[in-house]
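The block underneath contains the structure these notes are about, expressed in structure tokens.
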Amino acid sequence: MNPVEKFGKVLMDFTVEFGSIMLLVCSTMKQIFLPPPDIRNIFKQMLEIGVRSLPVVLITAVFTGMVFALQTYTGFKRFGAESLVGSVVALSMTRELGPVLTSLIVAGRAGAAMAAELGTMRVTEQIDALETLATNPVKYLIVPRFISGITMLPALTVVADIIGILGGYAVTVGLFGISSTVYWNKTWNYLELNDIYIGLIKACFFGASIAIISCSRGFYTTGGAEGVGKATTGAVVRSSMTILISDYFLSAWLF
Amino acid sequence: MIDVVGLHKSFGSKKVLQGVNLKVEKGESMVVLGGSGSGKSVLLKHIVGILKPDSGSVVIDGVDITSLNEKGLYEVRKKFGMLFQGAALFDSMKVWENVAFALLRSKKMKVKEARETAVERLRMVGLAGVEDLMPSELSGGMKKRVGLARAIAHEPEILLYDEPTTGLDPIMADAINDLIVKMKQQLSVTSIAITHDMQSAYKISDRIAMLYNGVIIETGTPDEIRNTENAVVRQFVTGSAAGPIRIEGVSA
């Protein structure tokens, strides 16, 4: 294959995949609004994606807040701005680190699980079986995961924001002896509601992306056990890339 | 009645079905024979509307399902029950929840009633006391039985069997054959089974059709097929490696 053919193939593959994801988005949107809602499955997925991701999100958030405070303090001390550590931690957590790190963790945890589960269901004909039992697989499998992604990611992000800021507080006040009043004053003075909203909008978008990309990888799996493995890897890689790349454009747009 | 007319289907450059014609009367038990990779499963998936043909039609009781919208298709599918090759049980659910799936979702039955129906259907296929197990705790033969119980739970008019005896030992395979015959007698369903197991085919069928190179090359009663003049069919039913059918990838 010469380079031009190779480039063409990559482009074609990308177009096919992008197209199939968009088609899945369309049918998911259609099925979301078709009654009756599948409450039981939605709650089950919320538990899986939201609640079960909580421990690892908490650990990530608290240590991110702590290390951020540590580094910022070291840097800011050089020009005597230690008192501003609180606001830097709060801004970074709410606007950037909260939504992005939470989403990356959920992509690795829940996204991989979604792709593996749906992929296995596809190769063992369980998805065909759903069809023969007069159940729409998009409504039964993808809609609950999509709704959970779009709601649980912002919820997890709020928790990550709070815990990250508390982590920063612990290091700044506990370790470096900055006064507690100064930390909170600086945090509240410079943090706007807008910063939190921007983070949450991003989290919503990331949650939707993780669910759709991972479900689509699983849903269109071919080729047995190897195919399921590839689908799982593909889901995590593509979700993570989408989060990191779209994060820049969303940030620029929502600034 | 099921009427498949001029069905064509290709996957990429691979032509799988090239004009399949097949008629199955109400209450009849049809077996479609074919080698591995001959497109038997693809044909079955067209009949239940999971796959869309490139051209041709599938008429179920006077309705061409290839032109139906999604809602109409799901309505027609309620007439069907299908037993998959690997049983395709939902492994996240208990056995009774698998059997009761259609009852709970499309028939909106109460949980208690659905469970009772599921237990009764499991008894029909010779299983008792397994309702609270998970599919992973069952043997291959038991999975097929549960799959069959799930397929008949919503009282379908048409039963489709995808290689019902593949992967089972001869005794278990014969037990499944007996069950298929029993289903036909008790529920008076129309059925289509695809298989390459001749013993099973002779036992469960009213008529047998042979799929070869993407078309049905012969249809007849089990006796007609057993005494066929067609060299391809004869090679297949006698199970000989020598004959007009060439094994793919193996040189003569």
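Here the protein sequences come in this chain order: D and Y.
Just remember that this note's numbering sits 75 ahead of the position in the first sequence, which is counted from 1.
Just remember that this note's numbering sits 16 ahead of the position in the second sequence, which is counted from 1.
Quick reminder that beta carbons are idealized off the backbone N, C-alpha and C, glycines included.
Environment of residue i [buried if 16+ CB atoms lie within 10 Å]
i: Lys198/Y; result: exposed
i: Phe27/Y; result: exposed
i: Lys126/Y; result: exposed
i: Phe154/D; result: exposed
i: Trp263/D; result: exposed
i: Thr133/Y; result: buried
i: Gln146/D; result: exposed
i: Pro330/D; result: It should be pointed out that residue 330/D corresponds to Phe in this sequence rather than to Pro. Burial call: exposed.
i: Asn85/Y; result: exposed
Through-space distance from residue j to residue i, alpha-carbon basis
i: Ser108/Y; j: Ala191/D; result: 13 Å
i: Leu250/D; j: Thr103/D; result: 50 Å
i: Pro180/Y; j: Ile114/D; result: 35 Å
i: Val58/Y; j: Glu267/D; result: 59 Å
i: Thr226/D; j: Ala204/D; result: 29 Å
i: Gly302/D; j: Cys290/D; result: 14 Å
i: Ala306/D; j: Gly293/D; result: 6 Å
i: Ile261/Y; j: Glu240/Y; result: 20 Å
i: Glu80/D; j: Thr317/D; result: 26 Å
i: Gly142/Y; j: Arg223/Y; result: 27 Å
i: Gln120/D; j: Ile232/Y; result: 46 Å
i: Ile253/D; j: Asn260/D; result: 12 Å
i: Asp236/D; j: Met168/D; result: 6 Å
i: Glu245/Y; j: Gly255/Y; result: 15 Å
i: Ser152/Y; j: Glu171/D; result: 43 Å
i: Val159/Y; j: Thr206/Y; result: Residue 159/Y is actually Lys in this sequence, not Val. Straight-line Cα distance between these residues: approximately 23 Å.
i: Glu171/Y; j: Asn114/Y; result: 15 Å
i: Ser83/Y; j: Tyr272/D; result: 47 Å
i: Val21/Y; j: Val311/D; result: 44 Å
Assigned secondary structure, residue i (DSSP; H/G/I helix, E/B strand, else coil)
i: Phe252/Y; result: helix
i: Leu23/Y; result: strand
i: Tyr228/Y; result: strand
i: Glu123/D; result: helix
i: Asn246/Y; result: coil
i: Lys30/Y; result: strand
i: Ser291/D; result: helix
i: Thr226/D; result: helix
i: Thr308/D; result: helix
i: Val47/Y; result: strand
i: Ser204/Y; result: coil
i: Leu275/D; result: helix
i: Gly252/D; result: coil
i: Ala257/Y; result: coil
i: Arg220/D; result: helix
i: Arg262/Y; result: coil
i: Phe89/D; result: helix
Check: residue i C-beta below 6 Å from any heavy atom of the ligand ATP
i: Arg313/D; result: For the ligand ATP, the structure offers nothing, since it holds no ligand at all.
Residues sharing a beta bridge with residue i, DSSP
i: Leu38/Y; result: Val20/Y
i: Asp80/Y; result: Val75/Y
i: Ala189/Y; result: DSSP, once it has assigned bridges, lists no residue as partnering Ala189/Y.
i: Ala209/Y; result: Val47/Y, Tyr177/Y
i: Arg313/D; result: Its beta-bridge partners do not exist; DSSP assigns none.
i: Glu234/Y; result: Met226/Y
Beta strand (DSSP E) runs contained entirely in the segment 90–177 of chain Y, provided each spans 3 or more residues: 96–99
Entirely enclosed alpha helix (DSSP H) segments - the segment 133–205 of chain D, minimum 4 residues: 160–167, 173–181, 187–198
Contained beta strand (DSSP E) runs [length at least 3] in the segment 50–78 of chain Y, N- to C-terminal order: 71–76
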